[in-house]
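A.B. asks:
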Amino acid sequence: MQAPETTAEGIKGTKRFQAKRDAILAAAADAINEQSAKGMTFADVARRVGLNTTSVTYYFKRKEDLAAAAFEQTLERLEAMLDEAAAETTPEARVARYLNINMERLVRIRRGEERDFAILSDLRAMEEPMKGRLLAGWRNIFRKTRALWGSDGSRAETDLRGARAHVLLENSFWLMAWLPRYEVDEYPRVEARLMDVFRHGIAAHGQAWAPRLLDLEHDEPEPGREAFLLAATRLINELGYRGASVQRIASELNVTKGSFYHHLDAKDELVIACYKRSFDIIAETQRLAEAVEGSHWDRLEATVGTLLDYQFSDRGPLLRTTALSGLPPQVRSTMIDRSNRIARRFAGMLSDGIAEGSIRAIDPLVASQALMALQNAAFDMRKWASTMPREKAVAFYASTLAFGLFDDRVLEG
């Protein structure tokens, strides 16, 4: 048997191979973040790296192999970040360190010193056995995040830590959506103000969690359309925009593809309609909350409580923002503008509450984006919520931002 090559040239070749592989993975991550894993193509990745398609297949035989490798790299980097944060001595210090690591990474990305990793929204749309392996890796990330608060305690404490872990992770992922509106030299201030919300919550001292849920029932202008959009929303949330085919949506409702085109002319129109439905529900909830008697905190908790209750119920979910990567740029921009208007309305509610004294003196723009991440990501916790009374699930999940990530009063309720 020939001995492994150990010459300088052999080592150099190995380094060259790894460098090219890393460049391909970075380009794949960019493509996934812009177009989703299903929308990524070898040709696009090759163009970004300055190679031809055949050269890319030398490193990754199939597009699915490349996507899986990009996702595995993301999971590895998240695990390293969490391991570093876990070395701190208290839950608060661990969360602060994890946020700081994320913010420092985003500074380097903004300055062009580092490339972003692939977002994980398409994991469930992957093929087996890759899907099983990647989801196992994600569950490991979730457990490690939950362990930032410790590993001992009752079932209720574990449930609460699960809610905290999910909100922390989702907020760290959501940063890429809104942080670019700030100059890079402002990032430390934004980090401090977001950590202040994580540390102490939104509600002023003496406020409790007792939301009055709002009635969102209304008549359907077109019979059957609501069920159609709801089924589509669930599948798109699960499988991504490109993973949820028209045929699969039709099968979910036990109708023909022709029925799909009775409601909508194209798949892009379907996603736009799903987004409009979701944004309309959020905006309607905000409007209804303005008529709630009491303080501005009462109105905010009515909004948050109603939206979380909706997400955890059979009436939900709302469409995840992760589906945006599958839309044409102009349509995506329109949807992001609508999302930003909703966030600004949250910021207005927070500002009014700060002036009144029912909400802490927090940065309303930063806190509003944390609230957007909270209600947007709740869909992923439906299984978790189903293990307890819905009112308790809503209280646990909402407490993460209402009172902060380290306040246990909700356990006493």
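With the working numbering applied, the sequence shown corresponds to residues 92 to 504, in that order. We put the CB at the ideal spot given by N, CA and C, even for glycine.
1. Only counting the same chain, and skipping five residues up and downstream in sequence, which positions put a Cβ closer than 8 Å to that of V198?
2. Using three-state DSSP, classify I192 as helix, strand or coil.
3. Comparing C-alpha positions only, which one of A458, E329, W265, S449 sits nearest to R390?
4. Between the beta-carbon of A161 and the beta-carbon of L225, is there less than 8 Å?
5. In this structure, does DSSP put A374 in helix, strand or coil?
6. Can you name the start and end residues of the alpha helix (DSSP H) that G396 belongs to?
7. Once DSSP output is grouped into helix, strand and coil, what is the label at A227?
8. Residues bridged to E450 by DSSP?
9. Below 8 Å on the Cβ atoms is my guess for T165 versus L239; work out the distance and round it to an integer in Å.
10. Taking the alpha carbon of E317 as the point to measure from, which residue in E282, D454, R481, L409 has its own alpha carbon closest?
11. Helix, strand or coil for T132, going by three-state DSSP, please let me know.
12. Where do the N-terminal and C-terminal ends of the alpha helix (DSSP H) with T491 fall, by residue?
13. Please state whether DSSP places N328 in a helix, a strand or coil.
14. Check this for me: beta carbons of L344 and A335, under 8 Å apart or not?
15. Return no unless some Cβ of chain B is closer than 8 Å to the Cβ of A160.
16. Check each candidate in R234, A110, M131, N124 and name the one with the smallest Cα separation from L169.
17. Below 8 Å between beta carbons: does that hold for A323 and C365?
18. Can you list, in chain order, the residues of its chain with a C-beta nearer than 8 Å to that of R272? Leave out the 5 residues immediately preceding and following it.
19. Would you tell me roughly how many angstroms separate the C-alpha atoms of L305 and T181, rounded to the nearest one?
20. Using the rule of at least 16 other Cβ atoms within 10 Å of the residue's Cβ for burial, across every protein chain shown, is F470 buried or exposed?
21. Where does S127 fall in DSSP's three states?
22. So what does DSSP say about A99, is it helix, strand or coil?
23. With a CB to CB cut of under 7 Å and the five nearest residues on each side skipped, what residues in its chain are close to R303?
24. Going by alpha carbons, who is nearest to D236 out of E219, M221, S263, K222?
C.D. replies: With the structure as the only source:
1. V275, Y278
2. helix
3. S449
4. no
5. helix
6. 387-403
7. helix
8. According to the sequence provided, residue 450 is Ile. The question's Glu does not apply to it. According to DSSP, which records beta bridges pairwise, I450 is partnered with A294.
9. Not really, about 19 Å apart at Cβ, beyond 8 Å.
10. L409
11. coil
12. 481-493
13. helix
14. no
15. The structure shown contains no chain B; it holds only a single protein chain.
16. R234
17. yes
18. none
19. 38 Å
20. buried
21. coil
22. For A99, the predicted model reports a pLDDT of 41, less than 50, meaning its position is unreliable and no value from the coordinates is stated.
23. V383, A393
24. Correcting the residue identity first, residue 236 is Thr in this sequence and not Asp. It is S263 whose Cα lies nearest to the Cα of T236.
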